Amino acid sequence: MRPVFADENINLLELATEIVRECFTAARRLKMYEPEHPMVASVVERPFFLFKKWFRLRQTLVLAQTGNSVSVSGLPLQPVVFTSNFSRAMGESRVANFIFYDTLSPTELALFLSHLFGLNARKVPIKGYLEQKKVLSIEIDSPAAKLVLETENLLSSAYRQDYSYRYMAKTVLKNRPELLAAFVTGAISRQREMLERWGIEFRTKVLEEALFAVLEEMNDAMVLTLLDTTLPADFTQPEEVAAKQQSFRFLVNAALKVRDKEKFLGHLKSHLDSKGVPRPFYESALDVSSRMKLEITSELENLGQRILEGTGAEELNRYADLFVKCLKLRRPEVVGHNLNSLAEALVSPTAEARQGAYMVARKVLEPTAATEPEQFLIFLRRLVGFVVDQKESLEFAETLLLISELCIEKKFYQPLGEMLGLLAGRLELEEPGKPLGSLLIRKVLDNLNRMEIVQKLIAEFDTEERGKAVWVRQILTAIGSLEVAQVLSEKMSAPSRFVRQNVLKILSNLGNNALVVAATLLADPSNYRRRADGTLEDESWYRLRNAVHILGNLRKDSAVPVLEMPASDSDFRLRKEVVKALEKIPGRRGLPLLKKLSLDSSEEIRRMAFVAMADAAGEEDLDFLFSRFDPISPDAIPVTYAMSCIGGSRARDFLIGLLDPTSQLGRRLIDQTGGQTMPVKIAILKGLARIGDERSTIKIREVADSLSRTQKLLLTSNPLSDTAKILISKIQK
1 MRPVFADENI NLLELATEIV RECFTAARRL KMYEPEHPMV ASVVERPFFL FKKWFRLRQT
61 LVLAQTGNSV SVSGLPLQPV VFTSNFSRAM GESRVANFIF YDTLSPTELA LFLSHLFGLN
121 ARKVPIKGYL EQKKVLSIEI DSPAAKLVLE TENLLSSAYR QDYSYRYMAK TVLKNRPELL
181 AAFVTGAISR QREMLERWGI EFRTKVLEEA LFAVLEEMND AMVLTLLDTT LPADFTQPEE
241 VAAKQQSFRF LVNAALKVRD KEKFLGHLKS HLDSKGVPRP FYESALDVSS RMKLEITSEL
301 ENLGQRILEG TGAEELNRYA DLFVKCLKLR RPEVVGHNLN SLAEALVSPT AEARQGAYMV
361 ARKVLEPTAA TEPEQFLIFL RRLVGFVVDQ KESLEFAETL LLISELCIEK KFYQPLGEML
421 GLLAGRLELE EPGKPLGSLL IRKVLDNLNR MEIVQKLIAE FDTEERGKAV WVRQILTAIG
481 SLEVAQVLSE KMSAPSRFVR QNVLKILSNL GNNALVVAAT LLADPSNYRR RADGTLEDES
541 WYRLRNAVHI LGNLRKDSAV PVLEMPASDS DFRLRKEVVK ALEKIPGRRG LPLLKKLSLD
601 SSEEIRRMAF VAMADAAGEE DLDFLFSRFD PISPDAIPVT YAMSCIGGSR ARDFLIGLLD
661 PTSQLGRRLI DQTGGQTMPV KIAILKGLAR IGDERSTIKI REVADSLSRT QKLLLTSNPL
721 SDTAKILISK IQK
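The sequence shown: position 276 = 276 (this note's numbering), numbered continuously.
Okay, here's the thing in structure tokens:
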């Protein structure tokens with residue numbers, strides 16, 4: 001009779017053990033899949049079902065103490081190893097209906113809970129928690145709990161002993177390898193006296209269950225070492241082979257039940273082959289499915305080696321068929337090994353090997369990209385490495401073309417994007433005198449530079465899938481032709497902001513081709529359609545603004561003459577974008593246009609132009625800035641900023657002169673603490689602090705000392721402001 005929980009006949013400890021086993025199994029299988037893979041849901045379905053069953057039963061979990069012993073549902077308590085996640089989940093749950101026949105102290109209760117939840121391996125301060133909560137005992141007198149407890153008292157002692165023996169057997173087998181090996185080889189009867197000294201009643205079923213638990217905790221290398229004890233010393237002796245074969249079969253099948261089957265089969269074959277074990281001996285221990293998997297792997301390995309040497313069409317077809325079957329077995333290491341052989345064959349010095357590899361590639365690359373994308377990516381990187389090492393051939397070039405067309409057709413944009421990105425990077429680094437790599441790369445890129453392919457790629461932006469858009473951008477950037485830039489320019493005024501942003505990102509990396517497209521757009525009068533008030537219509541505005549934006553992102557001097565036309569446009573917004581673009585272009589090439597824009601009728605554009613000049617202007621441009629300074633002008637502050645960024649003695653002397661009450665400009669700044677020139681004075685102080693030489697520091701201190709108490713309070717009322725920091729630091733000195 002089993003323990004009863006409410007209306008269900010369920011054994012709590014068996015359920016807990018099953019949860020642990022399923023969790024470990026799921027954890028191993030989940031390593032094979034990405035988080036979004038459809039198989040993930042089915043892998044975790046079983047553990048989640050058991051968890052739900054556990055938490056449904058927790059409301060009627062009955063614990064009892066009689067004397068010094070504690071039992072759960074009538075079973076003697078034994079440590080059960082749970083996963084850390086399950087332990088944490090149980091610790092956070094609120095288990096109700098606990099019954100104790102005697103009062104448990106916090107120490108005893110903490111010890112009990114640590115065993116129950118498997119926390120003995122990972123210490124959790126349950127005792128401190130219980131003491132903090134002042135828990136002396138938990139006792140709920142409910143009819144349902146009493147009924148459960150009365151039913152549990154009727155349990156037979158035989159089942160309780162079975163669990164104790166199983167746990168003790170697991171402990172013995174785990175800690176005494178000689179007993180484990182003896183049991184597996186059928187010599188366990190010789191160890192019966194030792195087992196009895198441990199207090200274990202020998203039962204084959206109990207020990208088998210313990211063996212599975214022990215094998216689950218062993219890694220593959222440990223299991224294979226244990227397996228060596230079951231191998232005959234001489235395979236030519238039929239009697240010895242027959243005596244060992246049963247033990248070997250039992251251990252192999254036991255190991256396959258508790259670990260990743262496909263992975264272990266590969267390790268098993270490699271290990272036994274290295275030991276010289278005949279294939280019929282170990283294949284006899286496997287079921288039909290496992291033997292088929294080993295057969296496919298073995299034949300694939302043999303044929304893969306022969307491809308490097310060149311082989312007939314019949315064997316090539318067989319190899320391709322086996323390769324596709326291997327993909328279904330989910331053996332990434334085998335797939336990766338064979339892809340590596342295929343890549344080597346494509347650049348083999350033997351023409352037959354190259355042609356055979358190309359024929360196989362035509363058949364296996366599409367299913368490989370769909371089934372093993374990670375191995376497919378590694379294969380592509382290896383091919384790009386051959387381009388770097390100048391290992392190229394006609395078949396190799398045809399394979400790259402095949403891959404690029406396959407990826408476009410099946411929309412495998414990530415591997416194609418990575419491959420083209422690496423090839424384009426290689427093209428930029430190509431050394432003179434080594435044309436082979438350049439010609440091959442250009443051939444691949446030119447093959448993709450077809451209108452139907454370019455339009456298909458650009459149409460992917462309409463789906464607004466961000467993950468896909470990253471790789472489509474990389475593909476189009478790698479192609480980088482004038483045709484790509486022209487087709488993209490048609491999307492610059494698309495209604496979708498997502499599409500416009502991606503188009504701009506690509507065009508900003510297309511260099512001279514983007515410059516040609518932008519210049520064409522800005523020179524076309526049909527793009528300047530206006531409303532009645534003179535401003536550009538929305539479509540024209542988006543198109544022209546994006547063209548100016550691209551010119552700025554190119555950061556080329558050649559973009560400056562193209563910007564002169566929009567810099568004179570009547571639409572304030574377009575002139576503003578020109579200033580932003582000029583600010584991105586390094587060097588002095590854009591200074592004449594910035595000076596022109598600093599005379600604009602818009603105050604905002606003038607301010608932006610002066611700020612932009614600060615990065616490119618030099619001391620030869622100070623006279624222009626001096627002429628533009630007027631204390632009561634809105635331009636005074638940005639002009640002061642530009643002068644202080646240029647720095648030097650001339651800029652410093654001019655700023656100090658502005659604070660001199662005897663100078664013409666200085667007199668206009670006297671006694672204007674509350675007036676409109678006060679921000680200009682603050683800008684001058686900031687400018688001197690930015691120059692930071694000795695004379696500037698002395699002048700700031702003089703100004704600080706000359707301030708009245710009221711002025712100091714006004715200027716330093718916000719201690720976080722830049723002006724306050726400057727003045728306070730100088731006053732304190």
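The beta-carbon is built from N, C-alpha and C at its ideal position, and this holds for glycine as well.
As the structure is a prediction and not an experimental result, all values here were calculated from the model.
CB of residue i within 8 angstroms of CB of residue j, strictly
| i | j | result |
| --- | --- | --- |
| alanine 617 | valine 562 | no |
| cysteine 506 | leucine 488 | A small fix is needed here, since residue 506 is isoleucine in this sequence, not cysteine. Closer than 8 angstroms, so yes. |
| phenylalanine 624 | serine 602 | no |
| leucine 597 | proline 631 | no |
| arginine 543 | asparagine 553 | no |
| lysine 269 | alanine 320 | no |
Close Cβ partners of residue i (< 7 angstroms) along its chain, the five nearest in sequence each way excluded
| i | result |
| --- | --- |
| serine 481 | Asn449 and Asn513 |
| proline 278 | Phe235 |
| proline 232 | Glu240, Val241 and Lys244 |
| glutamate 577 | Arg545, Val548 and His549 |
Close Cβ partners of residue i (< 6 angstroms) along its chain, the five nearest in sequence each way excluded
| i | result |
| --- | --- |
| asparagine 85 | Caution is warranted here: a pLDDT of 38 is assigned to asparagine 85, below 50, making its placement in the model unreliable, and the coordinate value is therefore given only provisionally. No residues qualify anywhere along the chain. |
| phenylalanine 746 | Absent from the model: residue 746. The displayed extent of the chain is 1 to 733, so no value can be given. |
| tyrosine 282 | Leu272 |
| glycine 590 | Val560 and Leu582 |
| alanine 642 | Phe610, Met613, Ala614 and Leu625 |
DSSP-derived helix/strand/coil call for residue i
| i | result |
| --- | --- |
| leucine 582 | helix |
| leucine 659 | coil |
| leucine 406 | helix |
| leucine 551 | helix |
| leucine 377 | helix |
| arginine 530 | strand |
| leucine 536 | strand |
| glycine 385 | helix |
| proline 238 | helix |
| phenylalanine 461 | helix |
| threonine 477 | helix |
| histidine 37 | coil |
| valine 43 | helix |
| leucine 597 | helix |
| lysine 491 | coil |
| aspartate 228 | helix |
| phenylalanine 396 | helix |
| phenylalanine 654 | helix |
Per-residue burial, residue i [other beta carbons within 10 Å of its own, 16 or more giving buried]
| i | result |
| --- | --- |
| glycine 511 | exposed |
| tyrosine 33 | exposed |
| asparagine 253 | exposed |
| alanine 345 | buried |
| leucine 372 | Residue identity differs from the one stated: residue 372 is glutamate in this sequence, not leucine. The residue is buried, with at least 16 neighbouring Cβ atoms inside 10 Å. |
| alanine 343 | buried |
Option nearest residue i by Cα separation, candidates the options
| i | options | result |
| --- | --- | --- |
| isoleucine 637 | Gly385, Val611 and Val364 | Val611 |
| tyrosine 413 | Val472, Arg381 and Glu366 | Val472 |
| aspartate 621 | Pro349, Leu599 and Lys595 | Lys595 |
| serine 348 | Ala642, Lys456 and Phe386 | Phe386 |
| alanine 494 | Ser540, Arg589 and Thr229 | Ser540 |
| alanine 614 | Gly587, Ile646, Gly534 and Ile632 | Ile646 |
| lysine 443 | Pro238, Ala424, Thr225 and Ala469 | Ala424 |
| alanine 370 | Tyr542, Thr710, His37 and Asp228 | His37 |
| valine 470 | Gly421, Met359, Pro634 and Glu405 | Gly421 |
| arginine 318 | Gly356, Val334, Leu504 and Val454 | Gly356 |
| serine 599 | Arg588, Pro586, Lys584 and Pro634 | According to the sequence as given, residue 599 is leucine; it is not serine. Leucine 599 has its Cα closest to that of Pro634, out of Arg588, Pro586, Lys584 and Pro634. |
| valine 223 | Phe250, Gln246 and Gln237 | Phe250 |
| leucine 227 | Ala361, Gln237 and Phe264 | Phe264 |
| glutamine 246 | Arg382, Thr229 and Thr535 | Thr229 |
| aspartate 220 | Val258, Thr710, Glu490 and Pro238 | Val258 |
Heavy atom of the ligand FAD within 7 angstroms of residue i beta-carbon
| i | result |
| --- | --- |
| proline 280 | Although the ligand FAD was asked about, the structure shown includes no ligands whatsoever. |
Cutoff 8 angstroms: residue i Cβ touching any chain D Cβ
| i | result |
| --- | --- |
| phenylalanine 624 | Protein chains in the displayed structure number just one, and chain D is not present. |
Residues of its chain near residue i, where Cβ-Cβ distance is below 8 angstroms and the 5 sequence neighbours each way are ignored
| i | result |
| --- | --- |
| methionine 451 | Glu483 and Val487 |
| leucine 659 | Gly666, Leu669, Lys681, Ile684, Lys699 and Val703 |
| alanine 567 | Arg575, Val578, Leu593, Lys596 and Leu597 |
| glycine 657 | Ser663, Leu665 and Gly666 |
| arginine 690 | Ser644, Cys645 and Gly647 |
| leucine 377 | Gln414, Pro415 and Glu418 |
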